[in-house]
Each structure stands twice: as structure tokens, then as C-alpha cells.
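K.L.:
Structure incoming, see below.
There are 2 protein chains.
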Amino acid sequence: MTEQLSSEKQAAILDAARKRFAYYGFSKVTMDEIAADIGMGKASLYYYFPTKESLFQEVVRQESNQFLGDIQSMIDDRIKPCDMLRQYALRRIEHFKNLANLRALQFQQNSEVRLPFVELFNDFKKQEVNLLQQILVIGKKSGEFAISDPQHSAVIVMQMLYGPRAWILHSRENKLDEETFLAFEQSAKEIVEIILNGIKKRK
Amino acid sequence: MTEQLSSEKQAAILDAARKRFAYYGFSKVTMDEIAADIGMGKASLYYYFPTKESLFQEVVRQESNQFLGDIQSMIDDRIKPCDMLRQYALRRIEHFKNLANLRALQFQQNSEVRLPFVELFNDFKKQEVNLLQQILVIGKKSGEFAISDPQHSAVIVMQMLYGPRAWILHSRENKLDEETFLAFEQSAKEIVEIILNGIKKRK
DNA sequence: TTTTCGACGGAATTACTGAAACAGTCGAAT
DNA sequence: ATTCGACTGTTTCAGTAATTCCGTCGAAAA
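Sequence lines, in order, name chains A and B. This note's numbering applies: residue 978 is where the first sequence begins, and numbers increase by one. This note's numbering applies: residue 978 is where the second sequence begins, and numbers increase by one.
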């Protein structure tokens, strides 16, 4: 079980890295610090992870996959669609909490928004939309959700959860080009309709 | 009508300032540029406005008051509550467009988020919530909205419109303290319920 | 053979400094 | 009452020196 020992060390590194990254963000953590946390030399970290970036990515990937896996198995359990959606949303809040400052960093300093990280987060977002679509399709088929296009609705609900503002900041160079604005305007209008449905009295 | 002439000049300054500020943000606009736009010397601007900051504030205040005034008079017209809410949301998108980069600046660089501006925007937010509350109270009284607490709902809808993410970035030093997170968590959960109501099939 | 680490090189970040830009003032001109 | 050129003190910025930190390597330990 030498491999077991190796992955134990690896897990320890990932754990220490997660704690530091989640609190201080990527650039304000040094490899020396992470190594010191688990009583190792910095050079040893490079035996397990080729770069600092890959270590960070692995931390995010692990946490994200945990979340996505949980949701997927919940869907597979075939509980009521209504509860699926509620559980998903609550679990999502939890997940966001775990990666709090890690994710918040997306919307902070430009310097932190490195291309590989953007790709990582966008990939996660895509998978999340996909899960949401599954839930909505099930909800529609079973007749519990009054939606015409689950694919479309999923994107809107996601947008709602991410917040319209996040959208804008995502646009290149923090500037509002016409294209970005039209997309924002469109989804903002659709969100309004959902809000209306949400608070209108049932007939 | 010498005063009329004065306020005409003042209006011209405000107009030039609005155009520049809305596009480039506060710090990337110089008083010289604004003055040049209307063919005046910079020093003359200081005859009408004591500081650059006061000029900026006046621009925001004017645009905001226009918006708030429009909504108020729409409410006074006593149209259907449902249309009130829809109109409000659409007009809000329009308003946001006018102040696009002016407002976007709230969520960008730290350097731009100066205390007097935060207060200005928070003040606007308060007034906006108040209008929204009026609409919801009317909607509830007339029996068109199925909400228990209009005061509370107004805050939630606002949060939805501003986006939960914006909330987080608002917190001091861009750091997620416990208090901020609890507030976020609470409202996120409530937003979930609204989403659910919005897409659930009517019985 | 697998894992750890001290010591080192080079790239990137920070701290520093001098020059340029800018907000705001003042007194004269209109 | 209103405009403006010329000036001042502060802030911003570009360029540079000093430092930090990522990542490597060869030796040592297990």
C-alpha cells in the first residue's frame, strides 16, 4: 500500500492548499506556506503537483466534482422534481460557501482571472446547467413544472443564481459592449416574467 | 432671466459630464476634458460646481431622480399592479443602461468605490425599495399578488434584480465575513422559493 | 527505488523615486 | 456675474532597483 501512502500525502497537500486558497485567494498564497502547514519542504510539493496552478485547479476540480456528483446521484434517486430543485439550490449554496473566496476571486481583481481558471469555472458552469436541465425536463415530463422549454429555463435560473451583475463583469475588459448588453437585457426581461409568476396569485 | 442662462450652462456641464462619466467612469475623466467638450475653460466649471466629486454626484442624482420620479408617477396613475411591476422592471433596465459604466464601477476597482459614492448609491437603493414596496402593497390589497409581507418581498425582489453576487462584493474589503454570508444565505434561500413559485404549475 | 529537502536561477512582484498630470485656487479681464 | 490663464500642491504613473517566490536539480534519506 505504498500508493495509499502517496495519495494520503497528496490529500494532505490538497487539504492544506484548499484551506489557504479558499481564504486568501490564489496569488496571496505561497507554496512555502502550504508546505509549512503540513511540515514539508516546498520542493516536496513539486513531487506530487507539477505547478502551483495545477494544484489550485485540482482543489477546485475536487470540490466541484463532489458537488456535481452529489446532485447527479440526487437526481438518480428520483425524488419529487420540486424537491430536487430545492435540494439542488440548497446544496449549491453550501458548495459556494466551501469555495467562498475561491470563487469570489472571479469577480475581483483582474490579475486573478487567469485564462485557465476562467475555463475551469466555465466548464463547471456548463456541467451545472446540464444538471439543472435534467431536473427541469423531469419536472416538465411529470407535469409538475409549467415550463415550455427546459433547456432555456435552465439557463435563466442559472443566470438568476449567478446574478445578472456577474454576467456583466464576465464580459471582456470589464466593459459593456453592445452584445453583452443585449444578452443582459434579454435575460433580465425573462427573469422579470419568472418573478411575476412567482408572486402572482394562483387563479 | 439671467438665472435661466446660468442653469443652461449648468445643464450643459452636467450633460457633458454625464456622457463622459457614463462611458469612462469617474477617475478616467478630467475636468479639462469636460470643459473642452462645451468650449469652456476648466476654471469656469468650478464656478458652478465646487468639486469634481460634487459634479459626479449631481449627475447620478439627476439621472436617479428622473428614474424614481417616473416610477412614482406611474404608481400614482393607478394602473394594474401587475403592469406596474412589469413597467418598473423595464424602466429599471433602461435606467441601468443610461448609467451603465457609471454603475458598473461600483463592482469594479476598489479605487472607484469611494465612500460618498457608496452612500449615494445606497440612498438610491433605499428609495427604490420603497417604491417597490408601494407597488407590492397595492398589489396585495387589490388581491392580485399572493404575498404575505410586501416589505419583505420588496427586499427579496430587489436582491434578485441586483444579483446575489453584487451583495457579496458590497461587503467591506471584498471579504466574506460571517455576517455578510448569513445574510446572503438567507436571501438566497428565499430567492429559491420565488423561483419555485415562478415555475411551478398552477393548480 | 521512492520520497524529501537545501540551495540555486530566473521570472515576476513589490518598493522606490523622479517626472508628468490633474484637481482646485486666485486675481485679472470681460 | 461670469470667464479664463497661470499657478500650486497633491496624486498618478513610468521606469528601475531590490526582493520575493516559483520551479529545478543533485544529493541525501528511507
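Backbone N, C-alpha and C define an ideal beta-carbon position, used for all residues, glycine too.
Any Cβ of chain B within less than 8 Å of the Cβ of A:Asn1174?
P.N.:
Counting from 1 along the first sequence, the entry for residue 1174 of chain A is found at position 197. Answer yes: the Cβ-Cβ gap between A:Asn1174 and chain B drops below 8 Å somewhere.
K.L.:
State the beta-bridge partners of B:Phe1003 as determined by DSSP.
P.N.:
What you label residue 1003 of chain B is simply residue 26 of the second sequence in a count that begins at 1. BP columns for B:Phe1003 are empty, so no partner.
K.L.:
How many angstroms separate the CA atom of B:Gly1002 from the CA atom of B:Lys996?
P.N.:
On the second sequence, position 25 is the one that residue 1002 of chain B refers to. On the second sequence, position 19 is the one that residue 996 of chain B refers to. Computed Cα separation, rounded: 10 Å.
K.L.:
Would you verify that the beta carbon of B:Met1051 is, or is not, closer than 8 Å to some beta carbon of chain A?
P.N.:
As a first step, residue 1051 of chain B is located in the second sequence; it is residue number 74 there, counting from the start. Closer than 8 Å: no.
K.L.:
Is the CB of A:Glu985 under 8 Å away from at least one CB in chain B?
P.N.:
Taking the first sequence and counting its residues from 1, one reaches residue 985 of chain A at position 8. Not closer than 8 Å to any Cβ of chain B, the Cβ of A:Glu985 fails to qualify, so no.
K.L.:
Go ahead and label B:Val1036 buried or exposed: buried means 16 or more other beta carbons lie within 10 angstroms of its beta carbon, across all protein chains shown.
P.N.:
By 1-based counting over the second sequence, the position of residue 1036 of chain B is 59. Result: buried.
K.L.:
Once the 5 residues before and after B:Leu1062 are set aside, which same chain residues still bring their CB inside 6 Å of it?
P.N.:
Position 85 of the second sequence, counted from the first residue, corresponds to residue 1062 of chain B. The residues are Ile1112.
K.L.:
Helix, strand or coil, according to DSSP, for B:Lys1057 in the structure here?
P.N.:
Counting from one through the second sequence, the residue named residue 1057 of chain B turns up at place 80. Reduced to three states, the DSSP call for B:Lys1057 is coil.
K.L.:
Would B:Ile1048 and B:Arg1068 be called neighbours here (beta carbons separated by less than 8 Å)?
P.N.:
Residue mapping note: residue 1048 of chain B aligns to position 71 of the second sequence, counting from 1. Residue mapping note: residue 1068 of chain B aligns to position 91 of the second sequence, counting from 1. Result yes, Cβ atoms of B:Ile1048 and B:Arg1068 sit closer than 8 Å.
K.L.:
B:Phe1033 by DSSP, collapsed to three states: which one?
P.N.:
Position 56 of the second sequence, counted from the first residue, corresponds to residue 1033 of chain B. Three-state result, B:Phe1033: helix.
K.L.:
Excluding five sequence neighbours on each side, which residues of the same chain lie with their C-beta closer than 6 Å to the C-beta of B:Ala994?
P.N.:
Against the second sequence, residue 994 of chain B aligns to sequence position 17. Taken in chain order, the residues that qualify are Ile1011, Leu1032, Val1036.
K.L.:
Might you give, ordered along the chain, the residues of its own chain that have their beta carbon closer than 6 Å to the beta carbon of A:His1072, omitting 5 neighbours on each side?
P.N.:
In the first sequence, the residue the question calls residue 1072 of chain A occupies position 95. Here the set comprises Phe1044.
K.L.:
Determine the burial state of A:Pro1027: buried for a count of at least 16 other Cβ atoms within 10 Å of its Cβ, exposed for fewer.
P.N.:
Residue numbering aside, residue 1027 of chain A sits at position 50 when the first sequence is read from its first letter. Exposed, since its Cβ has fewer than 16 Cβ neighbours within 10 Å.
K.L.:
Under three-state DSSP, which class holds A:Gly1116?
P.N.:
Here residue 1116 of chain A refers to the residue found at position 139 when the first sequence is read from its first residue. Correct three-state label for A:Gly1116: helix.
K.L.:
Can you grab the Cα-Cα spacing for the pair B:Ile1115 / B:Gln1128, in whole Å?
P.N.:
Within the second sequence, numbered from 1, the residue matching residue 1115 of chain B stands at position 138. Within the second sequence, numbered from 1, the residue matching residue 1128 of chain B stands at position 151. Between B:Ile1115 and B:Gln1128, the C-alpha separation is close to 12 Å.
K.L.:
Since B:Leu1022 and B:Ile990 should fall inside the 8 Å C-beta cutoff, what is the C-beta to C-beta distance between them, to a whole number of angstroms?
P.N.:
Position 45 of the second sequence, counting from 1, holds the residue named residue 1022 of chain B. Position 13 of the second sequence, counting from 1, holds the residue named residue 990 of chain B. Yes, they are in contact, since the Cβ atoms of B:Leu1022 and B:Ile990 sit about 6 Å apart, within 8 Å.
K.L.:
In angstroms with no decimal places, state the Cα-to-Cα distance between A:Ser1041 and A:Phe1101.
P.N.:
Against the first sequence, residue 1041 of chain A aligns to sequence position 64. Against the first sequence, residue 1101 of chain A aligns to sequence position 124. Rounded to the nearest angstrom, the two C-alpha atoms are 7 Å apart.
K.L.:
When DSSP labels each residue in this structure, what does B:Gly1016 get in the three-state scheme?
P.N.:
As a working note, residue 1016 of chain B is residue 39 in the second sequence. DSSP places B:Gly1016 in coil when its eight states are reduced to three.
K.L.:
Which residue's Cα is closest to the Cα of A:Lys1005: A:Leu1138, A:Phe1098, A:Lys1029?
P.N.:
Taking the first sequence and counting its residues from 1, the one referred to as residue 1005 of chain A is at position 28. Looking at the Cα atoms, A:Lys1029 is the closest of the given residues.
K.L.:
For B:Ile1015 and B:Val1134, what's the separation of their Cα atoms in angstroms?
P.N.:
Here the question's residue 1015 of chain B lines up with position 38 in the second sequence. Here the question's residue 1134 of chain B lines up with position 157 in the second sequence. Cα to Cα, the separation comes out at about 41 Å.
K.L.:
For B:Phe1094, which of helix, strand or coil comes out of DSSP?
P.N.:
In the second sequence, the residue the question calls residue 1094 of chain B occupies position 117. Note: B:Phe1094 maps to helix in three-state DSSP.
K.L.:
Just to confirm my understanding: we take A:Gln1039, look at its own chain, exclude 5 residues before and 5 after, and list those with CB closer than 7 Å. What are they?
P.N.:
Taking the first residue of the first sequence as 1, we reach residue 1039 of chain A at position 62. So the qualifying residues of the chain are Leu991.
K.L.:
Who are the near neighbours of B:Gly1175 in its chain, counting only those whose CB is closer than 8 Å to its CB and skipping five residues on each side?
P.N.:
Taking the first residue of the second sequence as 1, we reach residue 1175 of chain B at position 198. Within the same chain, B:Gly1175 has no close Cβ partners at all.
K.L.:
In three-state terms, what does DSSP make of A:Phe1026?
P.N.:
For the purposes of this step, residue 1026 of chain A is identified with residue 49 of the first sequence, where counting begins at 1. Coil.
K.L.:
For the candidate residues B:Lys1057, B:Gln1034, B:Ser1125, whose alpha-carbon lies nearest to that of B:Ala999?
P.N.:
As a working note, residue 999 of chain B is residue 22 in the second sequence. Selected option, being the one with the closest Cα: B:Gln1034.
K.L.:
What would DSSP say about B:Arg995, mapped onto helix, strand or coil?
P.N.:
Locating residue 995 of chain B in the second sequence gives position 18, counting from the first residue. Three-state DSSP puts B:Arg995 in a helix.
K.L.:
CA-CA distance, A:Ser984 and A:Phe1094?
P.N.:
Taking the first residue of the first sequence as 1, we reach residue 984 of chain A at position 7. Taking the first residue of the first sequence as 1, we reach residue 1094 of chain A at position 117. Roughly 24 Å between the two C-alpha positions.
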